[in-house]
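Residue numbers for the sequence shown follow our numbering, so the first one is 2 and each next one is one higher.
A virtual CB, placed ideally from N, CA and C, is assigned to each residue, including glycine.
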Amino acid sequence: MDNAQEPEFARSNGERFIDGGERIYDLGDEILVVCPKCSGMAKVILSGDLPAKPTGDLFAPRRLICTKCWYRNNWAGRKVTIGEAVDWFFGMPLWLTDSCCGEVLWAYNLRHLEMIEGYVAAKLRERTKGGRNSFLCKLPKWLQSAKNRDEIMRSIRRLKEKLNAGN
Ligand SMILES: [Zn+2]
2 MDNAQEPEFA RSNGERFIDG GERIYDLGDE ILVVCPKCSG MAKVILSGDL PAKPTGDLFA
62 PRRLICTKCW YRNNWAGRKV TIGEAVDWFF GMPLWLTDSC CGEVLWAYNL RHLEMIEGYV
122 AAKLRERTKG GRNSFLCKLP KWLQSAKNRD EIMRSIRRLK EKLNAGN
């Protein structure tokens with residue numbers, strides 16, 4: 002039987018989004034939120050020194066620090082909310098949210114936003130489904146839909162501008 006067809010994975014044109022199998026848990030060491038006091042940009046980070054790599058310790062104590070009014074709050078507990086447009090610990094609304102395609106596009110931080118961007122940008126070209134168990138495979142359908150691509154990319158640009166403005 003003649004089977005000259007190349008396997009699926011060999012068809013990459015170099016613009017394939019490489020899914021490194023990132024888990025959503027790897028994104029939580031810095032979460033940008035709306036300050037409950039002044040509505041400026043606040044950060045939810047680990048208490049103490051920030052490690053260079055994700056700790057993976059979900060229940061390590063956190064603190065919320067506003068970059069504008071310097072409001073602070075501390076968190077220590079055993080209950081977290083993951084997968085919604087709020088930070089995992091304090092439940093504050095995320096800083097990076099935008100109306101998009103009748104839904105809400107949200108990201109915990111710049112790294113998260115750029116991963117979504119890379120995924121959305123590459124998806125149309127190849128429809129690669131090589132991801133393993135990364136959160137990117139579990140993105141909602143509207144984010145995976147090719148017809149929404151342009152609007153999503155505009156939304157991501159807006160969020161990057163908002164991030165640069167920082168207030
Ligand atoms: Zn504030």
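Looking at residue i and ligand 1, is the gap between the Cβ and the nearest heavy atom below 7 Å?
i, result
"ALA43", "yes"
"LYS163", "no"
"LYS38", "yes"
"LYS148", "no"
"TYR26", "no"
"CYS102", "no"
"LYS142", "no"
"TYR72", "yes"
"LYS139", "no"
"LYS80", "no"
Cα-Cα, which of the options is closest to residue i?
i, options, result
"ASP30", "LYS142, LEU106, LEU111", "LEU111"
"LYS161", "GLY84, LYS80, TYR109", "TYR109"
"TYR26", "ARG73, ASP58, SER156", "ASP58"
"GLU115", "SER100, MET154, CYS70", "MET154"
"ILE32", "TRP89, GLY41, ALA61", "TRP89"
"ASN149", "ALA122, LYS163, ARG159, PHE136", "ALA122"
"ARG188", "CYS101, LEU65, LYS142, SER146", "Because the chain is modelled from 2 through 168, residue 188 falls outside the range shown and cannot be assessed."
"THR82", "PHE60, ARG73, TYR72", "PHE60"
"LYS163", "ARG73, ARG24, GLY41", "GLY41"
"PHE18", "TYR120, HIS113, ILE66, TRP107", "TYR120"
Mind checking residue i: buried by the 16 CB within 10 Å criterion, or exposed?
i, result
"ASP50", "exposed"
"PHE91", "buried"
"ASP151", "exposed"
"GLU118", "buried"
Measure the alpha-carbon distance for residue i versus residue j and round it to whole angstroms.
i, j, result
"LYS44", "LEU140", "24 Å"
"GLU104", "LEU28", "22 Å"
"ASN165", "LYS80", "31 Å"
"LEU47", "GLY167", "20 Å"
"SER156", "ASN75", "32 Å"
"CYS70", "PRO62", "22 Å"
"ALA77", "GLN145", "35 Å"
"GLU23", "TYR72", "31 Å"
"GLU85", "ILE66", "20 Å"
So does the segment 32-50 actually touch the segment 91-102, counting three or more Cβ pairs closer than 8 Å?
-> Counting Cβ pairs under 8 Å, three or more are found: they touch.
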